[in-house]
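See below for the structure under consideration.
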Amino acid sequence: MKVTSFAALEEEFDAFVGSIVYATMVTVDSKGRPRTRVLIPVWEVVDGRPVGWLATYRTPVKAAHLRGNPHTNFSYWAPGNNSVAIDTVAEWVDDGDTTRRVWDLYRRTSPRGAGYDLGNFWRSPDDPDLHVLRLDPWRIQVIRGRDLRSRIWTADHAGDRVSVGS
83 MKVTSFAALE EEFDAFVGSI VYATMVTVDS KGRPRTRVLI PVWEVVDGRP
133 VGWLATYRTP VKAAHLRGNP HTNFSYWAPG NNSVAIDTVA EWVDDGDTTR
183 RVWDLYRRTS PRGAGYDLGN FWRSPDDPDL HVLRLDPWRI QVIRGRDLRS
233 RIWTADHAGD RVSVGS
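As structure tokens, this is what we get:
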């Protein structure tokens with residue numbers, strides 16, 4: 083079932099993401115081959131739309147993949163088959179104010195349960211090894227495991243952006 087506003091599935095999204103926490107991130111290389119890694123993004127709602135943030139290392143592979151194709155997918159799954167699939171466009175954000183805000187989102191956990199103390203991996207929001215990816219979802223599917231009810235939200239102009247600066 084398609085929904086027209088993110089609010090229609092936000093409660094279930096928050097519950098599943100907050101309990102599952104770890105997501106598999108998929109990028110593709112220049113030959114279209116997928117690469118996965120397990121990470122913990124955090125999410126918030128801005129002007130009625132979901133926005134994700136990923137505190138991460140800017141590895142050469144990840145940076146090259148996103149430079150070639152900024153479309154990513156995040157997949158959450160738990161025993162019992164509750165799952166969330168999020169198609170996004172990712173963009174590096176390199177300003178201190180955003181990094182400090184994302185640091186706080188991780189510490190507070192957003193949604194509740196998702197996130198952690200970034201101080202376990204980086205010294206502070208000013209650590210030069212800490213990088214932030216902004217994740218702009220264009221499609222989110224939430225599947226309730228007990229009856230496989232699926233709800234899908236898509237953004238206007240879903241996934242149109244094909245390149246971003248790195």
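In the numbering used here, the protein residues as written are 83 to 248. All C-beta atoms, glycine included, are put in the ideal place defined by N, C-alpha and C.
Item, Value
"Can you say whether Gly134 is buried or exposed, counting buried as having 16 or more other CB atoms within 10 angstroms of its CB?", "buried"
"Express the C-alpha separation of Arg182 and Asp208 in angstroms, rounding to a whole number.", "8 Å"
"Could you tell me how far apart the beta carbons of Phe88 and Pro132 are, in whole angstroms, since I believe they sit closer than 8 Å?", "5 Å"
"Expressed to the nearest angstrom, what Euclidean distance is found between the alpha-carbon atoms of Ile234 and Thr154?", "17 Å"
"Let me check understanding here. Comparing Cα to Cα, which of Trp125, Thr106, Ala137, Asp177 lies closest to Arg119?", "Thr106"
"What do you reckon, are the CB atoms on Pro193 and Asp96 nearer than 7 Å?", "yes"
"Note down, in chain order, each residue of its chain lying with its Cβ closer than 8 Å to the Cβ of Asp199, except the 5 sequence neighbours on either side.", "Tyr188, Arg189"
"Strictly by DSSP, which residues pair up with Arg216?", "Trp135, Glu173"
"Using only alpha-carbon positions, find the residue among Ile225, Arg228, Ser232, Leu217 that is nearest to Pro128.", "Residue identity differs from the one stated: residue 128 is Val in this sequence, not Pro. Of the listed residues, the one whose Cα sits closest to Val128 is Leu217."
"Cα separation between Gly176 and Gly162?", "Per the sequence shown, residue 176 should be read as Asp rather than Gly. Their Cα atoms are separated by approximately 38 Å."
"Would you mind reading off the limits of the alpha helix (DSSP H) that contains Ser192?", "Element bounds for Ser192: n/a, residue is neither H nor E."
"Once DSSP output is grouped into helix, strand and coil, what is the label at Pro116?", "strand"
"Taking Ser157 as the reference, which of Glu126, Val171, Arg231, Gln223 has the closest Cα?", "Gln223"
"Let me check one thing: in DSSP terms, what residues is Thr180 bridge-paired to?", "Per DSSP, none; premise fails for Thr180."
"Out of Val99, Trp174, Arg117, state which residue places its alpha-carbon closest to the alpha-carbon of Thr138.", "Trp174"
"How many angstroms separate the CA atom of Thr180 from the CA atom of Ser206?", "13 Å"
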